[in-house]
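Novice: Following this message is one structure expressed as structure tokens.
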Amino acid sequence: MTTLMQIFSPLDILALVIFVTTWLGYEIFGERAAERGANLSGLMQGWRDDWTAAAVHRDNRIIDIQILRSLAGNSAFLASTAIFVIGGLAAMIGGSEHAVLILNGFEYLLETTRDRFGLMVGALIVVFINAFFRLAWSLRLHNNAAVVLGSIPQPGASDDPEVAQDRARVVARITTLAARHYNGGMHAYYFGLAACAWFLHPVALIAASLWVVAILYRREFRSRAHAALARK
3 MTTLMQIFSP LDILALVIFV TTWLGYEIFG ERAAERGANL SGLMQGWRDD WTAAAVHRDN
63 RIIDIQILRS LAGNSAFLAS TAIFVIGGLA AMIGGSEHAV LILNGFEYLL ETTRDRFGLM
123 VGALIVVFIN AFFRLAWSLR LHNNAAVVLG SIPQPGASDD PEVAQDRARV VARITTLAAR
183 HYNGGMHAYY FGLAACAWFL HPVALIAASL WVVAILYRRE FRSRAHAALA RK
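Following the working numbering, the numbering of the sequence shown begins with 3 at its first residue and continues without gaps.
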């Protein structure tokens, strides 16, 4: 029986370990930074609190529903796109014999086998399945937030003003959770694109993984958007 060590070279295993470590490591690092309000996601939590607090005093909340509809639409689009990507990758496994012949025709690429190619495509499928589930859950949470938003009493309609404030805070918490899953799905897209470099060479996968981490860190911690949102 063929083992993974026979299919993949030690360099392949090292590249895969670095890929998984950088992805999971950045997810954990980003979650902790968001709890401290240090990154873009953490800063947006405060803005969501302000948004839902302002919604309490609006008689007409069409604009708030439009915001939630837009957010849910983004999640729905990317989730459906992930399904198409998964379908395309599954089709690639069916045509793996021809794909291997094409890849092995390039002298500057690492020679591959049908088993190696199939497992690499399978790894990509796992990445985009993860993206789908996180984005689909984000969509569900945004829909739930819309229902809770609709339950907020109109200004002056309730004898207890704290009821509206409490429900507004629930909306803020749900949309924050939805945003975290949306970000996780987006990160899966980023790292899924990095995983495509594995077809070229394991070193290319290592370089692409580190490059994605650098891009994400730059955009979420050192970008002009971060600076603008921090000026509340």
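Where a beta carbon is used, it is the ideal one built from N, C-alpha and C, also for glycine.
1. Considering only the beta carbon of each residue, do residue 136 and residue 190 sit closer than 8 Å?
2. For residue 43 versus residue 230, is the C-beta spacing smaller than 8 Å?
3. If you draw a straight line from the C-alpha of residue 35 to the C-alpha of residue 41, how long is it?
4. Near residue 196, what residues of its chain come up, given a Cβ to Cβ distance below 8 Å and the 5 sequence neighbours on each side ignored?
5. Using three-state DSSP, classify residue 110 as helix, strand or coil.
6. From this set, 31, 17, 59, 48, which residue's C-alpha is nearest residue 158's C-alpha?
7. Below 8 Å, can you find three or more Cβ-Cβ pairs linking the stretch 137-156 to the stretch 73-82?
8. On the DSSP letters alone, give me the boundaries of the alpha helix (DSSP H) that residue 134 sits inside.
9. Are residue 114 and residue 105 close, meaning C-beta to C-beta below 8 Å?
10. Could you give the distance in angstroms between the alpha-carbon of residue 167 and the alpha-carbon of residue 55?
11. Using the three-state DSSP reduction, which class does residue 47 fall into: helix, strand or coil?
12. How about the stretch 88-95 and the stretch 122-136: do they share at least three Cβ pairs that are nearer than 8 Å?
13. Assign residue 10 to one of three DSSP states: helix, strand, or coil.
14. Does residue 202 come out as helix, strand or coil in the three-state DSSP assignment?
15. Give every residue of the same chain whose Cβ lies closer than 6 Å to the Cβ of residue 122, excluding the five residues on either side of it in the sequence, and list them in chain order.
16. If you reduce the DSSP assignment to three classes, tell me which class residue 60 lands in.
17. Assuming residue 165 contacts residue 150 (C-beta within less than 8 Å), just tell me the rounded distance between them.
18. For residue 193, count the other beta carbons within 10 Å of its own beta carbon; 16 or more makes it buried, fewer makes it exposed. Which is it?
19. Is residue 10 closer than 8 Å to residue 84 when the C-beta atoms are compared?
20. Pick helix, strand or coil for residue 24, following the three-state DSSP scheme.
21. By alpha-carbon positions, which one of 12, 177, 219 ends up nearest to residue 29?
22. Excluding five sequence neighbours on each side, which residues of the same chain lie with their C-beta closer than 7 Å to the C-beta of residue 232?
23. Between which two residues does the alpha helix (DSSP H) carrying residue 156 extend?
24. Any idea if residue 130 is buried or exposed, counting beta-carbon neighbours within 10 angstroms, 16 or more meaning buried?
Specialist: Reading it off the structure:
1. Translated into positions along the sequence shown, residue 136 becomes position 134. Translated into positions along the sequence shown, residue 190 becomes position 188. In this structure, residue 136 sits near residue 190, with a CB-CB distance shorter than 8 Å.
2. To locate residue 43, count along the sequence shown from 1; it is residue 41. To locate residue 230, count along the sequence shown from 1; it is residue 228. No, the pair does not count as a contact, with Cβ atoms beyond the cut-off.
3. Position 33 of the sequence shown holds residue 35. Position 39 of the sequence shown holds residue 41. Those two C-alpha atoms are separated by around 6 Å.
4. For this step, residue 196 is matched to residue 194 along the sequence shown. Same-chain partners within the cutoff: 21, 207, 210, 211, 213, 214.
5. Indexing the sequence shown from 1 puts residue 110 at position 108. Looking at residue 110 - three-state DSSP - the assignment turns out to be coil, as it is neither helix nor strand.
6. Walking along the sequence shown from the start, residue 158 turns up at place 156. Here the closest residue by C-alpha is 59.
7. yes
8. For the purposes of this step, residue 134 is taken as residue 132 along the sequence shown, with counting starting at 1. Counting along the chain, residue 134 sits inside the alpha helix (DSSP H) bounded by residues 116-152.
9. The residue given as residue 114 occupies position 112 in the sequence shown. The residue given as residue 105 occupies position 103 in the sequence shown. With contacts defined by Cβ atoms closer than 8 Å, residue 114 and residue 105 form a contacting pair.
10. As a position in the sequence shown, residue 167 is number 165, starting the count at 1. As a position in the sequence shown, residue 55 is number 53, starting the count at 1. Going from the Cα of residue 167 to the Cα of residue 55 covers about 7 Å.
11. Stepping through the sequence shown from its first residue, residue 47 is reached at position 45. Three-state result, residue 47: helix.
12. Contact between the stretch 88-95 and the stretch 122-136 is present, because at least three Cβ pairs lie under 8 Å.
13. Position 8 of the sequence shown, counting from 1, holds the residue named residue 10. If DSSP states are grouped into helix, strand and coil, residue 10 belongs with coil.
14. Within the sequence shown, the letter at position 200 stands for residue 202. If DSSP states are grouped into helix, strand and coil, residue 202 belongs with coil.
15. Taking the sequence shown and counting its residues from 1, the one referred to as residue 122 is at position 120. Closer than 6 Å at Cβ, skipping near neighbours: 200.
16. Position 58 of the sequence shown, counted from the first residue, corresponds to residue 60. DSSP places residue 60 in coil when its eight states are reduced to three.
17. In the sequence shown, the residue the question calls residue 165 occupies position 163. In the sequence shown, the residue the question calls residue 150 occupies position 148. Wrong, their Cβ atoms sit about 12 Å apart, outside the cutoff.
18. In the sequence shown, the residue the question calls residue 193 occupies position 191. The residue is buried, with at least 16 neighbouring Cβ atoms inside 10 Å.
19. Position 82 of the sequence shown, counted from the first residue, corresponds to residue 84. Position 8 of the sequence shown, counted from the first residue, corresponds to residue 10. Going by C-beta atoms, residue 84 is not nearer than 8 Å to residue 10.
20. For the purposes of this step, residue 24 is identified with residue 22 of the sequence shown, where counting begins at 1. DSSP places residue 24 in helix when its eight states are reduced to three.
21. Here residue 29 corresponds to residue number 27 of the sequence shown, with the count starting at 1. Here the closest residue by C-alpha is 219.
22. Residue numbering aside, residue 232 sits at position 230 when the sequence shown is read from its first letter. Cβ within range, chain order: 45.
23. For the purposes of this step, residue 156 is taken as residue 154 along the sequence shown, with counting starting at 1. Unbroken run through residue 156: none, as it is neither H nor E.
24. Numbered from its first residue, the sequence shown carries residue 130 at position 128. With a threshold of 16 other beta carbon atoms within 10 Å, residue 130 meets it and is buried.
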